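Chemist: One structure is given below, represented as structure tokens, and several questions about it will come after.
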Amino acid sequence: MQDFFKETNLREKLQEQCDDLSREVDNLQSERTKLKKQLADTEATLSEKDDAIAAAAKSTDTDQGAHDTLVEEMEKKFSKETKELEDQGKKLQEEKLAAQVKEAEERKHAAELQQVLNQLSEDLEKQSAEWDAEKKILAEQKAQIESLTVQVASLTEERDTLKRDIDEVTQQLKDTQGSLEALQSKQLEVEQKHTDELASRDEKISELSQSIEDLQTKVLTAEQNHTDALAEASRSLESKSSESSKVVEELQEKMKSLLQQHTDELRTKDEAIESHVQAAQELRELTEQLQERADQAAADLENERNAHAEAIRENVAEIQRSSDEASQGKDAEITRHLEAIDGLQEQIKSLQQGESNSAQIAAELNTQMEELKQSHADALQVKTSEVDELMKQLDAINDQLAGDAAERERLKEESDGLRKTIQTLEEVSRRESEQHSTLITTLQMELEEARKKAQADLDAAQERARQDLLTLGQDHDAEIESLRADLEGDAKKRIEELQASYDSSVADKKAALEGHEKALAEKSEALQAANEELAALKASSGDASQSLKDALAKHKQLEDEKAAIEEARGISQNLLVDLQARFDTLIEEKSAAEEAHTTSQKLIADLQARHDSLLEERTTAEDAHSRAIEALKEDSDAISKQLLGELQIKYDVLLDEKRSLEGANENELDNLKSQRDALSAQVSELEKTHGGVVAEYQAAQEIHARAMESQRAEVEQQYSTLLDALQSELASAEQAKKSAIQEKQAAIEELVALKKDINANEESSNANIADLTAKYESLLAEKATLDREHEAAVALLKDDMKAEQEKVTSEMQAQCEDLKTKLAETDKEHSDAIALLREELKDGHSHDLATTQKALEDLQKTHNDLLEQKASIERAHEDAITELMVGMEANQTNAVQQLQKKYDALSAELQDTKTMHATELEAAKLGGTAHEALLQDLKSQHDHLASQAASDAESHAVDVQRFQGTIRKLEAEHRQAAEATKAAEDQIEQMKVDVVKKHLARVEPLERENEALRDKVERLQSILAAGDRVARAAATMGEKREINTLAEEDEDEEQATSGTQSSQQSLPPREVMGTVSCPKDDRRHIC
């Protein structure tokens, strides 16, 4: 609603300006009607004078054959010159029509350029819509993240339960090891009893105990190996978790790089749009500069024309002074007084012709006023178009907000995808729990088998101990028999010693047997305790068997999950093959794009060659034109020299006649002096009146300047209010965006906090690969769109350059045509002045010949000056065209270079994405091979628990990577939204600057038009002053008759009264005062 009020206020102000301009046009039309009335009055007075002179001329007809023949020859020559000038005017008219056709084509190209700018604005609106959709999705992602945290907490609880189950299994293994140790101690006690009963076989019993100790060491080593295996499994889990964390970090870095590339691409797109806008702005500034140059050239021409008119005035004044000086020696003029009457008739005819010229000037003023009115209407139309552009830009901002809403919807869809992935993670965790149960059952089965094996080994060891004891007893008996034989073979001396030793040994043996019996009793008691413990262990083994069954079920579930993982790995390998095929197709597309780029460069080179050839043709045409102008100058110089020679001959003849008439003119000298004094008095009065008119004109000019300043101040105040309103709206929009950014920041912080506790499964790797493929396909689509945009930009730039070139050339051609027409008008005015002088030659005879010759010389000089001015104008026109072509070529080369840089940057980014994709494929392949090797190791070691932990760690890493990717996406979207707001602010600031510049650009041409009108008014005043001087000359020649008839006096009195009444009734506008002075001066001189 606020925008609507602003638009209505602007329209009302523009309507007020239009009304002011229409009032000015009405004032000009009223002044024009007044001029027409005054011209009618002057024509009536001149017709009355013609009638009086014709009546007087009937009585005084003399023979002037020689003089008439001379005048006819001069008229023939001047008629030839006028025909040539008319032919040149026709040619200039044809060129003007061609320039108008070119101007129409340039307008068409300008419309196309406006269409392209509208397309760019639509693209910007689409991007803003996408940003709004992303902002909308952020709020939904926040809720999804909270649900994800709850699910992650549940997964961590399940993991803790699994760990507790594993601890229980290890505790059961420790219990079984304690039971084995108890059994071994009981076995030692039984062996000790056997050694007490069999004292002779103590050494073999010790060997048996040594063998039992060896078995114990083996059992301990087996237990140590089992604990080492568990430690290695834990270390492998830790190493795998560290490797998975490294992989996660690498993937995070890759995601960061991808996000950075995406932001860089968006930044390059924004830079391309800004470069297009800047190029359009530069073209506008260039056109404005060219327009200013053209206006400056026109102003310079007007100044030169004013100076030339002033020079003509001075020449006419010199001619008048010379005529006054020559009149002193014209004493014989009294006898030729009747011939002067005929001269007055011709002068009156020339005055009538001057009045017709003044009518033509009035018609020109009318056309100029119409052009001014048209220019004011164009300025109003331009201002309305600027208002429409502002409204379009505001609509673009609204569309951008709508695009942000669409982007929020897209983020909502992504959150739905995350919810689906969470469901898949739940299913994977359920499968993992089932696999864990199967693993526990397998462990229970293995434990039962180990227990059975240990029992079999114990029975075998006991059987071997019995056999060893039997063999030891037999060996001991044999040794005793051998000792007896040795003792019997010895000397009788030692029998007693042996008997004594035998007695002592028998006593020792009895004591040993008693000790062995005690040991055997203790071992039997220990064996009974061991049997009781075995019974308790059997009871506990029933519970363990139940837990083993549960573990077997979980183990089966883990095997099923392993099969599912194998299937997923096959699918991922198929996806990798598809990605490789797509990569090859993309390489082929890149080569095709490069070929298209080379062809476009060739086309640009061909266009440049054509442009150079056209420039050469243009230079040749301009050279031919300059040569033709030089030839015309030479012809005119030759003709002028010939005319001067003929005039010199005639001057000599007339000088002889003057000398013969000097005696007759001496009597007339006193009368002429008195008349000269009267004329000087009249001139002083006219100067006073002219000073008053100039003062009034300056006052009117100051009033107009004050009105323009007030109008400019009002417009600036209106724009300032508009800018303040826009700034307030921007501040509110920025506040809303800051609040949205703070909400995004809070969501990002929550995601960072949740990042440390997330666990996932191996199936999410498929989702990651799918995300990578989607991103890769999106990058390919963006690359294709960028290539299309590049080609479209190149074509658009070519069309824009052509349009600007044709437009500027047509404008310069039109200006040249205007200058030529103005020069033709000045030539026509000079020809009219020459005709007037010719008539004065007919009337003045010999005493006016010197003045006319001097006037002809002055006119010849002015003609030469005008030719030089024309040549200088053409040179300036050529220089301006060359500067324009150079500037356009520079702009075209700069634009092509910028497009080339952008294309190189895009190709480099595409190459980087391809290399990154290749590295990711290789990393995925390496990860697959490592996963296969890990599965083979787990199969060889039958360590299902370690494989499960590794899969848990990998899934956790994938989930962490995915959530970190989503976090980075949100951060990138936040940065994009901030950049979009900043770009919108910059765009609005640029719009403000453009509005002010356009306003100033529209005000300055109006001021220049006012200055041009002032110059034209001064030019008309100079023309009217020349008419006044001619009238005064005619009046002086008419006063020489001294025929004071009653009819003539009555006519003079009537004319004087009518002239005074018309002068009193006329208002003092800018153009009117000069036109009124003509009949007033005539009346004074005739009186």
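Under full-length UniProt numbering, the first residue of the sequence shown carries the number 1, and numbering increases by one thereafter.
All C-beta atoms, glycine included, are put in the ideal place defined by N, C-alpha and C.
All figures in this text were calculated on a predicted structure; none of them were measured in a lab.
1) Give a yes or no on whether the C-beta atoms belonging to Gln435 and Gln580 are separated by under 7 Å.
2) For Asn303, collect the residues of the same chain with a Cβ closer than 7 Å to its Cβ; drop the 5 residues on either side in sequence, then sort them by chain order.
3) Going along the chain, which residues of its own chain have a beta-carbon closer than 8 Å to the beta-carbon of Thr599, five neighbours each way excluded?
4) Taking 7 Å as the threshold (C-beta atoms), are Asp399 and Glu789 in contact?
5) Given a cut-off of 7 Å on the beta-carbon distance, is the pair Asp132 and Ala406 in contact?
6) Buried or exposed: which applies to Lys136, given that a residue is buried once 16 or more other Cβ atoms fall within 10 Å of its Cβ?
7) Indicate whether Ala803 and Glu288 have their beta-carbon atoms separated by less than 7 Å.
8) In the structure shown, what three-state DSSP assignment does Glu157 receive?
9) Find out if the Cβ-Cβ distance for the pair Glu95, Glu666 is shorter than 7 Å.
10) Which residue's Cα is closest to the Cα of Glu1007: Glu448, Ala299, Glu409 and Leu470?
11) Mapping the DSSP letters down to three states, classify Glu666 as helix, strand or coil.
12) Would you tell me roughly how many angstroms separate the C-alpha atoms of Glu463 and Leu470, rounded to the nearest one?
13) Would you mind stating whether Glu130 and Gly403 have Cβ atoms separated by less than 7 Å?
14) Taking the beta carbon of Leu10 as the centre, do at least 16 other beta carbons fall within 10 Å, making it buried, or is it exposed?
15) Of all the options Asn1010, Asp378, Leu35 and Thr966, which has the alpha carbon lying nearest to the alpha carbon of Leu14?
16) Among the candidates Ile703, Glu634 and Ala824, whose CA atom is the shortest distance from the CA of Gln93?
17) To the nearest angstrom, how far is it from the Cα of Gln1061 to the Cα of Asp41?
18) Identify which residue in Ser147, Glu594, Glu112 and Ala456 has its Cα closest to the Cα of Asp904.
19) Exposed or buried, Arg164, counting other C-beta atoms within 10 Å across all chains shown (16 or more means buried)?
20) Please name the residue in Ala792, Glu449 and Ile703 whose C-alpha comes closest to that of Asn1010.
21) Just how far apart, CA to CA, sit Glu427 and Glu971?
22) Alpha carbons only, please: which of Glu389, Glu525, Ala1034 and Asp724 is nearest the one belonging to Asp994?
23) Buried or exposed: Val1030, going by 16 or more other Cβ atoms within 10 Å of its Cβ?
24) Closest to Asp879 by CA distance: which of Gln990, Thr619, Glu12 and Lys807 is it?
25) Take the Cβ of Thr161 as the centre, count every other Cβ of all protein chains shown within 10 Å, and call the residue buried at 16 or more, exposed below.
26) Using the beta-carbon count (16 or more within 10 Å), is Ala1034 buried or exposed?
Modeler: In this structure, then:
1) The residue you call residue 435 lines up with position 435 of the sequence shown. The residue you call residue 580 lines up with position 580 of the sequence shown. No; because the gap between Cβ atoms is not below 7 Å, this pair is not in contact.
2) On the sequence shown, position 303 is the one that residue 303 refers to. Within the same chain, Asn303 has no close Cβ partners at all.
3) Within the sequence shown, numbered from 1, the residue matching residue 599 stands at position 599. Here the set comprises nothing.
4) Within the sequence shown, residue 789 is the residue found at index 789, counting from 1. Within the sequence shown, residue 399 is the residue found at index 399, counting from 1. No, these two residues do not count as a Cβ contact at 7 Å.
5) Reading the sequence shown from its first residue, position 132 is the one you call residue 132. Reading the sequence shown from its first residue, position 406 is the one you call residue 406. Cβ distance < 7 Å, so Asp132 and Ala406 count as in contact.
6) Translated into the one-based positions of the sequence shown, residue 136 becomes position 136. Classification for Lys136: buried.
7) Taking the sequence shown and counting its residues from 1, the one referred to as residue 803 is at position 803. Taking the sequence shown and counting its residues from 1, the one referred to as residue 288 is at position 288. No, the pair does not count as a contact, with Cβ atoms beyond the cut-off.
8) Position 157 of the sequence shown, counted from the start, is the residue given in the question as residue 157. Three-state DSSP puts Glu157 in a helix.
9) Taking the first residue of the sequence shown as position 1, residue 95 is located at position 95. Taking the first residue of the sequence shown as position 1, residue 666 is located at position 666. At a Cβ-Cβ threshold of 7 Å, Glu95 and Glu666 do not count as neighbours.
10) Position 1007 of the sequence shown holds residue 1007. When only C-alpha atoms are compared, the closest one is Ala299.
11) Taking the sequence shown and counting its residues from 1, the one referred to as residue 666 is at position 666. Glu666: coil per DSSP, three-state reduction.
12) On the sequence shown, position 463 is the one that residue 463 refers to. On the sequence shown, position 470 is the one that residue 470 refers to. Rounded to the nearest angstrom, the two C-alpha atoms are 11 Å apart.
13) Residue mapping note: residue 130 aligns to position 130 of the sequence shown, counting from 1. Residue mapping note: residue 403 aligns to position 403 of the sequence shown, counting from 1. Cβ distance < 7 Å, so Glu130 and Gly403 count as in contact.
14) The residue labelled residue 10 in the question sits at position 10 within the sequence shown. Burial call: buried.
15) Here residue 14 corresponds to residue number 14 of the sequence shown, with the count starting at 1. Looking at the Cα atoms, Asp378 is the closest of the given residues.
16) The sequence position of residue 93 within the sequence shown is 93, counting from 1. Considering only alpha carbons, the answer is Ala824.
17) On the sequence shown, residue 1061 is found 1061 positions in, with the first residue counted as 1. On the sequence shown, residue 41 is found 41 positions in, with the first residue counted as 1. In this predicted model, Gln1061 has a pLDDT of only 43, less than 50, meaning its place in the structure is not dependable enough to derive any value.
18) Sequence index remark: in the sequence shown, residue 904 carries index 904 (1-based). Taking only the C-alpha atoms, the option nearest Asp904 is Glu594.
19) Here the question's residue 164 lines up with position 164 in the sequence shown. The Cβ neighbour count for Arg164, taken over all protein chains shown within 10 Å, is under 16; the residue is labelled exposed.
20) Here residue 1010 corresponds to residue number 1010 of the sequence shown, with the count starting at 1. Comparing Cα-Cα distances from Asn1010 to each of Ala792, Glu449 and Ile703, the minimum goes to Ile703.
21) Locating residue 427 in the sequence shown gives position 427, counting from the first residue. Locating residue 971 in the sequence shown gives position 971, counting from the first residue. Roughly 30 Å between the two C-alpha positions.
22) In the sequence shown, residue 994 corresponds to position 994, counting from 1. Nearest of Glu389, Glu525, Ala1034 and Asp724 to Asp994, Cα basis: Glu389.
23) Mapped onto the sequence shown, residue 1030 falls at position 1030. By the neighbour-count rule (16 or more Cβ atoms within 10 Å), Val1030 is buried.
24) Residue mapping note: residue 879 aligns to position 879 of the sequence shown, counting from 1. Among Gln990, Thr619, Glu12 and Lys807, the Cα nearest to that of Asp879 belongs to Thr619.
25) On the sequence shown, residue 161 is found 161 positions in, with the first residue counted as 1. Answer is exposed; the Cβ neighbour count stays below 16.
26) On the sequence shown, residue 1034 is found 1034 positions in, with the first residue counted as 1. Burial call: buried.
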